[in-house]
Amino acid sequence: MLATTFLKRQRKCLMVQEQTMYRFLLVILLGVTLLTGGCGGGDSNRQAPFMVNADGVSTFDLNQLRSQLNTFPIGSLTALEEEGLLMMREEEKLAHDLYTTLYAQHGLAIFSNIASSELTHIEAVLALLERYQLTDPVTNNAVGSFSNSEFTYLYTVLTESGAISLLEGLYVGAQVEELDIYDLMRLSEDIVDNPDIELVYNNLLKGSRNHLRAFYSQILNNHGTYRPQYISQALFDEIVNSPIERG
Numbered sequence: 078m079l080a081t082t083f084l085k086r087q088r089k090c091l092m093v094q095e096q097t098m099y100r101f102l103l104v105i106l107l108g109v110t111l112l113t114g115g116c117g118g119g120d121s122n123r124q125a126p127f128m129v130n131a132d133g134v135s136t137f138d139l140n141q142l143r144s145q146l147n148t149f150p151i152g153s154l155t156a157l158e159e160e161g162l163l164m165m166r167e168e169e170k171l172a173h174d175l176y177t178t179l180y181a182q183h184g185l186a187i188f189s190n191i192a193s194s195e196l197t198h199i200e201a202v203l204a205l206l207e208r209y210q211l212t213d214p215v216t217n218n219a220v221g222s223f224s225n226s227e228f229t230y231l232y233t234v235l236t237e238s239g240a241i242s243l244l245e246g247l248y249v250g251a252q253v254e255e256l257d258i259y260d261l262m263r264l265s266e267d268i269v270d271n272p273d274i275e276l277v278y279n280n281l282l283k284g285s286r287n288h289l290r291a292f293y294s295q296i297l298n299n300h301g302t303y304r305p306q307y308i309s310q311a312l313f314d315e316i317v318n319s320p321i322e323r324g
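If you want the numbering used here, it's the position in the sequence shown, counting the first as 1, plus 77.
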């Protein structure tokens, strides 16, 4: 799943392919929203499992999420789907741990606010692990503790980079959200027939796009510039120049 060198991951996705995938995933998200919000005996008032505040901080309503997950049958997982779930459990923890550390270093509210939302992202992936009876790779909730050594390495490198200045910390935030978008788009292609995973991944994607918008806005406010590391410039521009996505 993750490349061994991770930070040197090749940017092989062509601009047109990424834009097409982005629009395709938005269509899927709309379909899942209609499925979970408009079905079930005409329950048109069913609450969305995802909440977004005015700043774009995107949080799962875990009770609503679990309720909606229970409406789906528990299917079988391919090896790629299983590996993807295990990876995303720790990748979401990486985001939380980095933002927690960056808030302690710089005191900017965006780090604390998004770190809190990432806790619900971590729990959303855990809900899928529990549904499919997968062993949780998170064995220690301490900040900076990971089962996958590549995440340990990333945490170390990015905390050192983010400690240099507030602007560098904001760059780290944008990079992590980019990485989430890159991986979630890629993993979504591997889903065979599991709408419960699609529901979680689509909302994680929405959250990552919103958080990327939030970090980029702060970068501009602090007179910085940013060049995307994992996704194309075209896709990055399309995201940051579009409105915050609501639940």
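Don't be surprised by glycine CBs; every beta carbon is placed ideally from N, CA and C.
Note that the structure is a prediction, hence the values are computed from the model and not measured.
Item checked: Counted within 10 angstroms of its Cβ, other Cβ atoms place A290 as buried (16 or more) or exposed -> Sequence check: residue 290 is Arg here, not Ala. Buried is the call here.
Note to self: Contact defined as beta carbons within less than 8 angstroms: I believe N280 pairs with F137. What is the distance between those atoms, to the nearest angstrom?
What the structure shows: 7 angstroms
Notebook entry, point to check: By DSSP, does S135 sit in helix, in strand, or in coil?
Noted result: strand
Next item on the list: Could you check the C-alpha separation between D314 and S226 for me, to the nearest Å?
Entry: 32 angstroms
Notebook entry, point to check: Which term fits N217, buried or exposed, when burial requires 16 or more other beta carbons within 10 angstroms of its beta carbon?
Noted result: exposed
Note to self: Buried or exposed, going by whether 16 or more other CB atoms sit within 10 Å of the CB of G239?
What the structure shows: buried
Notebook entry, point to check: By DSSP, does V129 sit in helix, in strand, or in coil?
Noted result: strand
Check: CA-CA distance, A204 and R143?
Finding: 7 angstroms
Notebook entry, point to check: What residues in its chain sit with their C-beta under 8 angstroms from that of P320, if we drop five residues either side in the sequence?
Noted result: none
Checklist line | S265 classed as buried or exposed, judged by whether at least 16 other C-beta atoms fall within 10 angstroms | finding: buried
Item checked: Boundaries (first-last residue) of the alpha helix (DSSP H) holding R323 -> Counting along the chain, R323 falls outside any alpha helix (DSSP H), and DSSP gives it neither H nor E.
Check: Between the Cα of I274 and the Cα atoms of M128, I308, S135, Q145, which residue gives the shortest distance?
Finding: Q145
Notebook entry, point to check: Near L206, what residues of its chain come up, given a Cβ to Cβ distance below 7 angstroms and the 5 sequence neighbours on each side ignored?
Noted result: L162, R166, D213
Check: From Y248 to H288, what does the alpha carbon distance come to, in whole angstroms?
Finding: 12 angstroms
Next item on the list: Could I get the ranges of all uninterrupted beta strand (DSSP E) runs contained in the stretch 261-310, with 3 residues as the minimum, in chain order?
Entry: none
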